[in-house]
Amino acid sequence: MATELRKLAWSIRRRLFALSNIQLFELAMNIATDNVDPVQFKQTDEESCMDYVTFYIQSDTLLQLEDEGLSQLLILNDEIDQIIKKSSSTESSVSEVAEINTLATPIPHSYNMISDSPPSSDNALENIETHSIAELKRVYEELIEQMKQREATVPQPAATISQPSQPQVSSRTHFTQERPATITDLSYLPRREFKLFGGQIGDNSSDISYNSLTKQINEGLKEGFTEAEVVRGVLRIVKPGTFRDMLMLKDELSIFELQCFLRSHLGEKAVTEMFQELMCARQTEQESPQQFLYRMIGLKQKLIFQSKQANTDISYDPKTIQKVFLHTVYQGLGVKYADLRQKLRPLTLNNNVADEEILREVTRIISHKNEHQRRLGQVTRQKHLQAQSAVLETKETIPAKGQNTAQTIQHLAAKVQTLTDMVASLMELKTTNQHQFFPPPATQNPPYPNSSPFPQQQYSHTSQPPTNQHIAPSKKMFLCQKCTELNLQDCSHCFVCGESGHRAVGCLKRTRTQGNGNRSLSRDSQRPAQTLCPSL
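Just so we're aligned: the sequence shown equals residues 566 to 1101 in our numbering.
See below:
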């Protein structure tokens, strides 16, 4: 039950949009109750009629009925069918007569039948219903005959003839009428966004210059965009990174702050630096006069634009910039364009000269010069020649030269052999030092308590012991006497008695001596040795 009721209500609401304002007014008057003021909706107000019918469908009065208003909705649906059926009988004839009426004069007795104006009373609707199909067919045939007669007299029928005294009849009168936009619909209308062109801005590089960016921002403000829209437009061209994150986290970012951040990030030069560059600029070797002039004009315009900005600390007068520009153009041209400088002298003396005039004069002079060179032929450049002396060798000098070469080779070979022998001796000495080992005596005690297994020499207090810096220190090897004689690398015997199963620290056959009786400490060799005495 509820599903059928919802489907019927939705079908009625959907069919309401196909009705005209007159038909909606008629339907609203049919369902109007006694407690409803007719002033609430008018015949010309389509919106109020639509709202009233929709409110009637969704009203609590219908829901409180026994069948939840199903019978009333069916009656309302039948009334809509009758209204549509009433207008469908005249719809085809009205459309045909309206199309012919643009080419032919309207017939007086059929005008009231197809009039687009709303009827003043119910009599007009009753007159339309009384006409039969035969009468409409007769009227249609008469109009066809009049159209044929007009085509015979007029070579090209005027399709846009208008009758100022009588209103025009349009086909599909109320079905093609569009609703005007209300104030609530303005928020849904598309608004043109502020966009920047020229590239994107990254953390390390940028495709767009600061001057181009600033100029587009100023133009956007002049066109009526708000500061918030301009800031959003700039943020859209910034690539994701640290710079974008910093701008996004900035609260209430203004245009002035944004320009300061962009100028610092893009590395834009200060006004004083650009003015100094304009004063000291000169033409390079690879630049043509036109390219040099383009560069100077761009630098001048950039300097003038930056001087007009509000966030500029120092601004220069445009007249001063123009004078410096003309002076740089005259003095900055290369040496090989001296004739061009002389011809541009009258223009550079005039401070009010336009950039286009200077560029046009430079182009004309260069064009005449190139044409003159083409007529006379290409002038070859003088090449710098370098002379070098050469000696002619005779047959007698060739054998002598060969002998000198052989002697040189022999001399070098002897030196190489000497170096090879020296390297071999050093390698042999190094190998000997690595295998050198002095085992401590196991059964014999040194004759003196401070004696050592190394040969001792007596030195004076002023003399120093001889040192050999070329001999590498030998690696100490812990082997017993037997393993040393057999040249074994892995030894597990006692260094004192030569037996296995214990070490020299716990050997019972070891002679107990005091101090360093077996050998002297290694640090004793760092000081001058004293004369050994038996009493010590």
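All C-beta atoms in this analysis are idealised placements derived from N, C-alpha and C, irrespective of residue type, glycine included.
Residue range of the alpha helix (DSSP H) that residue i falls in?
| i | result |
| --- | --- |
| threonine 626 | 625-628 |
| alanine 793 | 792-801 |
| asparagine 595 | 586-596 |
| asparagine 917 | Unbroken run through asparagine 917: none, as it is neither H nor E. |
| threonine 1076 | Looking at the DSSP string, threonine 1076 is not in any alpha helix (DSSP H), and its letter there is neither H nor E. |
| leucine 812 | 807-814 |
| threonine 837 | 836-845 |
| phenylalanine 870 | 854-872 |
| aspartate 616 | 611-622 |
| leucine 891 | 883-897 |
| cysteine 1045 | Neither: cysteine 1045 is in no alpha helix (DSSP H) and is coded neither H nor E. |
| cysteine 825 | 820-830 |
Measuring alpha carbon to alpha carbon, tell me which of the options ends up nearest residue i.
| i | options | result |
| --- | --- | --- |
| glutamine 841 | Asn642, Thr893, Leu941, Gly1071 | Thr893 |
| cysteine 614 | Asp632, Phe590, Phe620 | Phe590 |
| isoleucine 645 | Arg809, Ile577, Glu921 | Ile577 |
| proline 883 | Asn876, Ala875, Gln871 | Gln871 |
| lysine 651 | Asn916, Ser585, Arg801, Leu628 | Ser585 |
| serine 770 | Glu794, Val803, Glu700 | Val803 |
| threonine 1076 | Ala978, Glu922, Gln896, Val1061 | Val1061 |
| isoleucine 587 | Arg580, Asp610, Gly967 | Asp610 |
| alanine 875 | Thr779, Val927, Gln968 | Thr779 |
| aspartate 768 | Glu758, Asp810, Glu784 | Asp810 |
| serine 880 | Ile820, Met844, Val836, Glu1064 | Val836 |
| aspartate 1055 | Gly1063, Phe1043, Glu1064, His830 | Phe1043 |
| leucine 800 | Asn783, Leu827, Lys787, Ser777 | Leu827 |
| arginine 580 | Asp632, Leu641, Ile862, Glu921 | Leu641 |
| tyrosine 617 | Thr877, Leu630, Met594, Gln637 | Met594 |
| leucine 592 | Gln647, Thr626, Asp632 | Gln647 |
| aspartate 904 | Arg925, Leu914, Thr973, Ile931 | Ile931 |
| asparagine 935 | Asn1052, Arg910, Tyr902, Leu914 | Tyr902 |
| glutamate 850 | Leu823, Val900, Thr985 | Val900 |
| glutamate 633 | Thr568, Thr877, Thr970, Ile596 | Thr568 |
| glutamate 1064 | Leu1053, Cys1045, Thr1049, Glu1050 | Cys1045 |
| glutamate 833 | Tyr859, Phe808, Gly806, Leu868 | Leu868 |
| aspartate 878 | Phe620, Phe890, Cys825, Leu924 | Cys825 |
Tell me whether the beta-carbon of residue i lies closer than 8 Å to the beta-carbon of residue j.
| i | j | result |
| --- | --- | --- |
| leucine 912 | arginine 906 | no |
| alanine 574 | isoleucine 622 | yes |
| leucine 570 | leucine 635 | yes |
| lysine 873 | asparagine 916 | no |
| lysine 760 | glycine 789 | no |
| leucine 831 | tyrosine 775 | yes |
| glutamine 866 | phenylalanine 857 | no |
| isoleucine 773 | glycine 785 | no |
| valine 927 | proline 854 | yes |
| isoleucine 820 | isoleucine 782 | yes |
| valine 795 | leucine 818 | no |
| histidine 1058 | lysine 1074 | no |
| methionine 839 | leucine 812 | no |
| glutamine 1102 | leucine 627 | With the chain covering 566 to 1101 only, the question about residue 1102 has no answer from this structure. |
| aspartate 816 | isoleucine 862 | no |
Considering only DSSP beta bridges, list what residue i is partnered with.
| i | result |
| --- | --- |
| histidine 1058 | Ser1065 |
| serine 771 | Ile766 |
Beta carbon of residue i: closer than 7 Å to some heavy atom of the ligand NAP?
| i | result |
| --- | --- |
| glutamate 792 | This structure simply doesn't include the ligand NAP, nor any ligand for that matter. |
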